[in-house]
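Letter 30 of the sequence shown, counting from 1, is numbered 30 in the UniProt record's numbering, and no numbers are missing. Glycine included, every Cβ here is placed at the ideal spot set by N, Cα and C. Since we're looking at a predicted model, the values are computed, not measured. Take a look at the structure set out below.
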Amino acid sequence: MSENLTPYEYCKQLARNNWEKTVHHRFAQELCAQTLDHAVLRDYLIQDYQFAQDFLSLLGQVLASADTMNAKVRLAQQLGFIGNDENTYFLDRFKQYGVSDEDIDNPVLTPASRGFRQLYGDAVLSRSYAQGLAVLVVAETIYRDWAEESTNYGRNLPDREEYRGWVDVHRGEYFDDWCAFLISEFNRVADITDTKITDTFVRAVALERAFFDNAYDSQRDFLA
């Protein structure tokens with residue numbers, strides 16, 4: 001590793017191609033330009049919701065394994081945010097698009113969705129603060145990056161709620177602070193000579209790209 005790179009920067013370099021492809025993905029650009037097909041957004045959100053519970057379990061594991069009180073307090077605060085603002089966005093969109101309970105509870109999972117559920121499950125079972133952070137820091141900062149870059153750092157925000165809402169929960173001062181916390185904690189505890197940590201980080205980035213790709217695979221023309 002270059003002595004000038006932090007663990008976070010080093011792992012991003014390992015996953016550089018998939019990171020850039022995700023941040024500049026067609027999905028992010030169309031979402032922020034308000035040209036994303038409603039069918040794509042609908043199916044994407046249904047898939048994303050499938051591992052929302054797994055994400056909360058992961059966040060709980062990281063909270064439990066954190067080694068400082070300051071970290072535990074910050075992680076506990078984020079649990080409340082996800083349980084309120086982000087969950088409200090999901091429920092509002094499902095109502096808007098007329099998504100049935102069956103579609104919400106029992107969809108056919110895409111390959112990336114199955115991969116994420118396995119990734120989160122592995123991180124939870126690891127009981128490792130660093131491994132859990134490797135997943136969290138990717139999930140949050142890669143979304144922060146596309147939300148900022150695709151809106152020219154907030155200068156070109158979409159105005160329709162179905163698009164704007166997903167951007168708003170992934171950018172702004174609060175989210176920046178959250179991402180900065182995760183990066184700082186990852187840099188503090190991650191050992192980049194531990195391949196479990198670097199492999200988990202790289203795997204998470206690859207799944208983020210695949211998840212965007214898969215959003216177009218099950219497109220349904222349900223809304224004009």
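For this session: Please classify Y153: does DSSP put it in a helix, a strand, or coil?
Result: The residue given as residue 153 occupies position 153 in the sequence shown. Residue state, collapsed to three classes: coil.
Problem set entry | Buried versus exposed call for E102 [16 or more other C-beta atoms within 10 Å across all chains shown] | As a working mapping, residue 102 is identified with position 102 in the sequence shown. Exposed.
For this session: Take the Cβ of P111 as the centre, count every other Cβ of all protein chains shown within 10 Å, and call the residue buried at 16 or more, exposed below.
Result: Here residue 111 corresponds to residue number 111 of the sequence shown, with the count starting at 1. Around the beta carbon of P111, fewer than 16 other beta carbons lie within 10 angstroms, which makes this residue exposed.
Exercise. Nearest-angstrom Cα distance between C32 and F211?
Worked result: Looking up residue 32 in the sequence shown gives position 32. Looking up residue 211 in the sequence shown gives position 211. Distance between C32 and F211, taken at the CA atoms: about 17 Å.
Problem set entry | Beta-carbon proximity list for L109, same chain, < 8 Å, skipping 5 on both sides | Translated into positions along the sequence shown, residue 109 becomes position 109. Exclusion of the five residues before and after L109 leaves Q47, Q50, R117 as the residues of its chain whose Cβ lies within less than 8 Å of its Cβ.
For this session: Please name the residue in V138, A215, T88 whose C-alpha comes closest to that of F181.
Result: For the purposes of this step, residue 181 is taken as residue 181 along the sequence shown, with counting starting at 1. From the listed residues V138, A215, T88, the smallest Cα separation to F181 is found for V138.
For this session: Kindly indicate the opening and closing residues of the alpha helix (DSSP H) around E20.
Result: Numbered from its first residue, the sequence shown carries residue 20 at position 20. Counting along the chain, the alpha helix (DSSP H) containing E20 begins and ends at 16 to 23.
For this session: Taking only the alpha-carbon atoms, compute the straight-line gap between E162 and G132 and give it to the nearest angstrom.
Result: Start at 1 with the first residue of the sequence shown, and residue 162 comes out as number 162. Start at 1 with the first residue of the sequence shown, and residue 132 comes out as number 132. Computed Cα separation, rounded: 30 Å.
Exercise. Comparing alpha-carbon positions, which option in L36, Y44, L63, N17 lies nearest residue 233?
Worked result: With the chain covering only 1 through 224, there is no way to say anything about residue 233.
Exercise. DSSP state of L133, grouped into three classes?
Worked result: On the sequence shown, residue 133 is found 133 positions in, with the first residue counted as 1. Here L133 sits in helix by DSSP.
For this session: Would you please state the rounded distance, in angstroms, between the beta carbons of Q34 and P158? I believe it to be under 8 Å.
Result: Counting from 1 along the sequence shown, the entry for residue 34 is found at position 34. Counting from 1 along the sequence shown, the entry for residue 158 is found at position 158. With 8 Å as the limit, Q34 and P158 qualify as a contact, their Cβ atoms being about 5 Å apart.
Exercise. What is the DSSP secondary structure of H38, reduced to helix, strand or coil?
Worked result: Locating residue 38 in the sequence shown gives position 38, counting from the first residue. Three-state DSSP puts H38 in a helix.
Exercise. By Cβ distance below 6 Å, which residues in the same chain neighbour L56 in space, the five residues on each side in sequence not counted?
Worked result: Here the question's residue 56 lines up with position 56 in the sequence shown. Here the set comprises nothing.
For this session: Along the alpha helix (DSSP H) that carries R71, what are the first and last residues, could you check?
Result: On the sequence shown, position 71 is the one that residue 71 refers to. A small fix is needed here, since residue 71 is Ala in this sequence, not Arg. First-last of the alpha helix (DSSP H) with A71: 69 to 81.
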